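K.L.:
According to full-length UniProt numbering, the residues represented by the sequence shown are 1 to 166, in order.
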Amino acid sequence: MQLKYLTGYPESVLNQIRAAISQETLGQFLQKKYPYTHDIKTNKALYSYVMDLKSQYLRQSNTLSKVVYDDKLDVLHQALGLHTYVSRVQGNKLKAKNEMRIGSVFKTAPPEFLNMIVVHELSHLKEKDHNKAFYKLCTHMEPNYHQLEFDVRLYLTYLDIFGELY
């Protein structure tokens, strides 16, 4: 069984996940660990949520002009969220804007998963690459970042195989 969201993890971990899938206990595990979904359903609410986190941890970083759920993001290619830097010519000036797009699959996800994705994308405001400084910033904003990233991968695996969870 191909576990595309979990490539790079040790075979022993993958075998445990395969067993949970075949015994159909992965969904129960996720629902027990994350029993609730968040109520941030609109782009306006998402923008407010992201800006609150940004002002708490990254006051000095670049501004965000747009934050939206995007149903065109392809989670199959591991794009759960996207931070873009858009440059536009307006008259004789070059205007640059930062935008954040979150995969719409996270509209009905647990709040911890949405938070992990937002923290990841906010970290790109300061660190463009996935390097040590990037992950240090992620864990500064969300101390449980690495566990949540793994659990998001489990969640996406579940959705891919079984469909909706909540």
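Every residue gets a Cβ at the ideal spot worked out from N, C-alpha and C, and that includes glycine.
Every value quoted in this text rests on a predicted model; they were computed, and no experiment measured them.
Measure the Cβ-Cβ separation of residue 30 and residue 118 and say whether it is below 8 Å.
P.N.:
Within the sequence shown, residue 30 is the residue found at index 30, counting from 1. Within the sequence shown, residue 118 is the residue found at index 118, counting from 1. Going by C-beta atoms, residue 30 is not nearer than 8 Å to residue 118.
K.L.:
Out of 16, 38 and 15, which has the shortest C-alpha to C-alpha gap to residue 106?
P.N.:
Counting from 1 along the sequence shown, the entry for residue 106 is found at position 106. It is 38.
K.L.:
What did DSSP end up calling residue 93 once you bin it into helix, strand or coil?
P.N.:
Along the sequence shown, read from residue 1 onward, the residue named residue 93 stands at position 93. Note: residue 93 maps to strand in three-state DSSP.
K.L.:
According to DSSP, which residues form a beta bridge with residue 66?
P.N.:
Translated into positions along the sequence shown, residue 66 becomes position 66. Looking at the DSSP assignment, residue 66 forms a beta bridge with 99.
K.L.:
Assign residue 27 to one of two classes, buried (16 or more other C-beta atoms within 10 Å of its C-beta) or exposed (fewer than that).
P.N.:
Position 27 of the sequence shown, counting from 1, holds the residue named residue 27. Counting Cβ neighbours within 10 Å, residue 27 comes out buried, since at least 16 surround it.
K.L.:
Please name the residue in 24, 23, 22 and 3 whose C-alpha comes closest to that of residue 14.
P.N.:
Position 14 of the sequence shown, counting from 1, holds the residue named residue 14. Answer by Cα proximity: 3.
K.L.:
Roughly how many whole angstroms lie between the Cα atoms of residue 172 and residue 69?
P.N.:
Nothing can be reported for residue 172: it is not among the residues displayed for the chain, which extend from 1 to 166.
K.L.:
Tell me which same chain residues have a C-beta within less than 6 Å of the C-beta of residue 5, skipping the five on either side of it?
P.N.:
Translated into the one-based positions of the sequence shown, residue 5 becomes position 5. Closer than 6 Å at the Cβ level, and outside the excluded window around residue 5, lie 153, 156 and 157.
K.L.:
Residue ranges of each alpha helix (DSSP H) run of no fewer than 4 residues wholly in the segment 9-76, ordered along the chain?
P.N.:
Entirely contained in the segment 9-76, the alpha helix (DSSP H) runs reaching 4 residues are, in chain order, 11-22, 26-33 and 43-57.
K.L.:
With distances taken between CB atoms, is the gap from residue 40 to residue 49 smaller than 8 Å?
P.N.:
Within the sequence shown, residue 40 is the residue found at index 40, counting from 1. Within the sequence shown, residue 49 is the residue found at index 49, counting from 1. Contact flag set, yes.
K.L.:
Does the beta-carbon distance from residue 166 to residue 108 come in below 8 Å?
P.N.:
Here the question's residue 166 lines up with position 166 in the sequence shown. Here the question's residue 108 lines up with position 108 in the sequence shown. The answer is yes: Cβ separation under 8 Å.
K.L.:
Which of the three DSSP states is assigned to residue 110 in this structure?
P.N.:
Indexing the sequence shown from 1 puts residue 110 at position 110. If DSSP states are grouped into helix, strand and coil, residue 110 belongs with coil.
K.L.:
Could you tell me whether the Cβ atoms of residue 51 and residue 21 are closer together than 8 Å?
P.N.:
Residue 51 sits at position 51 when you count from the first residue of the sequence shown. Residue 21 sits at position 21 when you count from the first residue of the sequence shown. It is not a contact, given that the beta carbons lie outside the stated cut-off.
K.L.:
Run the CB neighbour count on residue 121, radius 10 Å, all protein chains shown included, and call it buried at 16 or more, exposed below.
P.N.:
As a working mapping, residue 121 is identified with position 121 in the sequence shown. Buried: at least 16 other Cβ atoms inside 10 Å.
K.L.:
Return yes when the Cβ of residue 134 is within less than 8 Å of the Cβ of residue 127, no when it is not.
P.N.:
The residue labelled residue 127 in the question sits at position 127 within the sequence shown. The residue labelled residue 134 in the question sits at position 134 within the sequence shown. The answer is yes: Cβ separation under 8 Å.
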